[in-house]
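One structure below.
Numbering (the UniProt record's numbering), first residue to last: 1 to 142.
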């Protein structure tokens, strides 16, 4: 299923045992990520108008990325959501969620660029002006 703001992406995970300072643990990574619904895990990448600035930031980085939420840290990963916004991914991590990342496929970059062209760039958030005198201590008149 696809719409101008929704694409299905397939991904596969791979785990590797890593030993650090004598402790062995499984480290997970995204082994494959591609548009379509043919992989072992299929997620909907939904774009939101409120995230346009984050999408632009990601696209202009040296290597645009996609971020996949995979359940709570320390558990066996189970992909539940995907985003192109680093802000959303940071929120997931703040909530103790495990987040894996992968390079954004060129087809997704082109689609994301078209979305931004169609809906415009996010408006620049300028400093909000305070009302005159706000935030200043007032002297009481005696």
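Note that CB positions come from ideal geometry on N, CA and C, so glycine has one too.
- Within the segment 3-62, the complete alpha helix (DSSP H) segments at least 4 residues long are 52-59, listed from N- to C-terminus.
- Take residue 92, set aside five residues on each side of it, and the residues of its chain with a beta-carbon closer than 7 Å to its own are 69 and 99, in chain order.
- In the structure shown, residue 84 adopts coil according to DSSP, grouped into three states.
- Per DSSP, the continuous alpha helix (DSSP H) segment holding residue 113 begins and ends at 106-119.
- The beta-bridge partner set that DSSP reports for residue 97 consists of 72.
- For residue 12, the closest of 111, 65 and 77 by C-alpha to C-alpha distance is 77.
- Counting the other Cβ atoms within 10 Å of the Cβ of residue 6 gives fewer than 16, which makes it exposed.
- In the assembly as shown, residue 48 is an exposed residue. Its beta-carbon has fewer than 16 other beta-carbons within 10 Å.
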